[in-house]
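Colleague:
In our numbering, the protein residues as written are 6 to 131.
#1: Could you check whether residue 80 and residue 103 sit closer than 7 Å to each other, using their CB atoms as the reference points?
#2: What residue does the alpha helix (DSSP H) around residue 66 start on, and which one ends it?
#3: So residue 99 and residue 125 are in contact, right, with Cβ under 8 Å, and what is the actual spacing, rounded?
#4: Looking at the structure shown, is residue 97 part of a helix, part of a strand, or coil, going by DSSP?
#5: Would you identify the three-state DSSP class for residue 124, choosing helix, strand or coil?
#6: State the Cα-Cα distance for the pair residue 96 and residue 123, rounded to the nearest angstrom.
#7: So, with DSSP's three-state summary, where would you put residue 88?
#8: By Cβ distance below 6 Å, which residues in the same chain neighbour residue 127 in space, the five residues on each side in sequence not counted?
#9: Give me the Cα-Cα distance between residue 116 and residue 75, rounded to the nearest whole angstrom.
Okay, here's the thing in structure tokens:
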């Protein structure tokens with residue numbers, strides 16, 4: 006690589022930078038993740054665990070999601086409800102839990118939006 010008494014030339018800096026990048030991407034440098042990166046990696050692996058398919062009971066699996074006025078099933082136990090403001094007006098959201106499989110559900114009733122309704126908000130326990 007070329008250099009002058011004042012330091013490396015632009016060409017040599019570029020060559021050095023390229024070789025360091027290549028070495029890094031080829032695995033020549035192995036740097037332990039920082040505390041923040043470890044937390045991110047741990048959270049990421051926990052998130053991957055959350056993405057496992059839900060073990061819904063047969064009645065829960067039959068609920069049509071995201072459609073207003075779709076029926077639930079007899080083993081859903083109603084919990085609290087709350088009101089939330091939407092662009093189109095106020096919506097009522099009611100929480101439910103399935104007695105059979107433990108899945109947590111929310112039902113959004115919004116007269117201005119047909120594409121709301123049932124959504125899973127928590128996995129079954131166990």
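For glycine and all other residues, C-beta sits at the position ideal for the given N, C-alpha and C.
Modeller: The relevant details are as follows:
#1: yes
#2: 63 to 66
#3: So it is not a contact: roughly 14 Å between Cβ atoms.
#4: strand
#5: strand
#6: 13 Å
#7: strand
#8: 109
#9: 13 Å
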